[in-house]
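Engineer: Pasting in a structure now, in structure tokens, and then I'll have a few things to ask.
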Amino acid sequence: MKIGLFFGSFNPVHVGHLIIANHMATQTDLQKVWLVVSPQNPLKPKKTLARDYDRLHLARLGIGDNPLVEASNVEFTLPKPSYTIDTLAVLKEKYPQHEFALIMGGDNIASLHLWKNYEQILAGYDIYVYKRPDYELGALADHPRVKICEAPLLDISATYIRQCIKEGKSVRYLVPDAVLEYLESGKLYK
Ligand code: ATP
Numbered sequence: 003m004k005i006g007l008f009f010g011s012f013n014p015v016h017v018g019h020l021i022i023a024n025h026m027a028t029q030t031d032l033q034k035v036w037l038v039v040s041p042q043n044p045l046k047p048k049k050t051l052a053r054d055y056d057r058l059h060l061a062r063l064g065i066g067d068n069p070l071v072e073a074s075n076v077e078f079t080l081p082k083p084s085y086t087i088d089t090l091a092v093l094k095e096k097y098p099q100h101e102f103a104l105i106m107g108g109d110n111i112a113s114l115h116l117w118k119n120y121e122q123i124l125a126g127y128d129i130y131v132y133k134r135p136d137y138e139l140g141a142l143a144d145h146p147r148v149k150i151c152e153a154p155l156l157d158i159s160a161t162y163i164r165q166c167i168k169e170g171k172s173v174r175y176l177v178p179d180a181v182l183e184y185l186e187s188g189k190l191y192k
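Residue numbers for the sequence shown follow my numbering, so the first one is 3 and each next one is one higher.
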């Protein structure tokens with residue numbers, strides 16, 4: 003199966019992420035999309051980053067019963083910080099039956115040349131890029147492994163959602179209902 007990996011902190015997951023994931027799983031040759039939840043970087047401030055398993059749980063709640071999208075915790079047990087090339091190697095070994103590809107926004111492809119072993123990533127994996135306004139794609143957009151997609155975009159971010167919650171404002175419709183319920187019942191981001 004060809005699986006697209008969408009990496010992020012998902013702190014929390016929001017409908018912007020889920021629209022991209024579902025678009026890629028239904029409108030490209032990717033058969034499934036995994037949201038790969040990145041663990042806390044021990045060297046970075048943890049103040050606004052919810053615990054790994056809370057973010058994973060929220061991602062699963064947000065996905066709901068969509069059989070085409072899954073959340074993965076594969077990076078939780080890898081040495082930190084986890085580099086994409088290392089995670090890809092682990093996934094390849096763990097799931098030899100699958101073909102993996104990357105999903106990223108236009109902002110990320112523009113700086114891909116700064117990633118660890120980016121040539122190796124490009125040599126071994128297809129990269130599905132969705133355009134984001136205000137970002138030039140850069141030279142790597144012409145690489146044969148890079149597929150540029152037009153996906154519906156929403157101008158929302160997890161930072162904005164955390165800010166709303168902190169200020170007691172509603173995030174209804176910005177996150178799926180199940181995520182909203184969990185956020186409203188708990189202490190996250192308050
Ligand atoms: P934060 O505001 O905390 O930085 P975020 O909403 O940007 O979070 P991430 O967890 O960093 O979310 O997102 C994972 C990936 O999704 C990143 O590559 C990011 O560029 C992308 N992304 C985030 N928000 C959107 C959106 N509204 N539309 C499309 N892609 C998005």
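C-beta atoms are modelled at their ideal positions from N, C-alpha and C, and glycine is treated no differently. Computed from a prediction, not measured in an experiment: that's the story for all the values here.
One question on the structure: do Pro14 and Ile163 come within less than 9 Å of each other, judged by their Cβ atoms?
Structural biologist: yes
Engineer: Considering only their Cβ atoms, is the gap separating Leu90 from Ile123 smaller than 9 Å?
Structural biologist: yes
Engineer: So Phe9 and Val38 are supposed to be a Cβ contact under 8 Å. How far apart are they, rounded?
Structural biologist: 5 Å
Engineer: Helix or strand or just coil, what does DSSP make of Met26?
Structural biologist: DSSP, read as helix, strand or coil, puts Met26 in helix.
Engineer: In the DSSP assignment, find the alpha helix (DSSP H) that holds Tyr130 and state where it starts and stops.
Structural biologist: Careful: Tyr130 lies outside any alpha helix (DSSP H), inside the beta strand (DSSP E) at 129-132.
Engineer: In terms of residue numbering, what span does the alpha helix (DSSP H) encompassing Glu138 cover?
Structural biologist: It is not in any alpha helix (DSSP H) - Glu138 carries neither H nor E in the DSSP assignment.
Engineer: Would the segment 95-111 count as touching the segment 63-74 if we require 3 or more Cβ pairs under 8 Å?
Structural biologist: No: fewer than three Cβ pairs fall under 8 Å.
Engineer: Among Asp109, Ile111, Lys82, Glu77, which residue has its Cα nearest to the Cα of Lys96?
Structural biologist: Lys96 has its Cα closest to that of Glu77, out of Asp109, Ile111, Lys82, Glu77.
Engineer: Does DSSP put Val104 in a helix, a strand or coil?
Structural biologist: A small correction: the amino acid at residue 104 is Leu; Val does not occupy that position in the sequence shown. The answer is strand: DSSP assigns Leu104 an E or B state.
Engineer: Over the uninterrupted beta strand (DSSP E) stretch that includes Ala73, give me the two end residues.
Structural biologist: Note, Ala73: beta strand (DSSP E), 71-74.
Engineer: CB-CB under 8 Å to Thr28, same chain, minus the five flanking residues each way: which ones, in chain order?
Structural biologist: Leu70
Engineer: Considering only their Cβ atoms, is the gap separating Pro98 from Leu88 smaller than 9 Å?
Structural biologist: Residue identity check: residue 88 is Asp in the sequence provided, not Leu. For Asp88 and Pro98, no; Cβs fall outside 9 Å.
Engineer: Counting beta carbon pairs with one atom in the segment 163-182 and one in the segment 135-148, are three or more of them shorter than 8 Å?
Structural biologist: no
Engineer: Given the structure, does Gly64 come close to the ligand ATP, in the sense that its CB is under 8 Å from one of the ligand's heavy atoms?
Structural biologist: no
Engineer: Our contact map puts Leu51 next to Ser11 with C-beta atoms below 8 Å; I'd like the distance itself, whole angstroms only.
Structural biologist: 7 Å
Engineer: Along the chain, which unbroken stretches of the beta strand (DSSP E) at least 3 residues long are found entirely within the segment 29-100?
Structural biologist: You should have 34-39, 71-74.
Engineer: Quick one, are the C-beta atoms of Tyr132 and Gly107 less than 9 Å apart?
Structural biologist: yes
Engineer: Report the rounded CA-to-CA distance for Val181 versus Cys151, giving the unit in angstroms.
Structural biologist: Across the structure, Val181 and Cys151 are spaced so that their CA atoms are roughly 27 Å apart.
Engineer: From which residue to which residue does the alpha helix (DSSP H) around Leu176 run?
Structural biologist: Per DSSP, Leu176 belongs to no alpha helix (DSSP H) and is neither H nor E.
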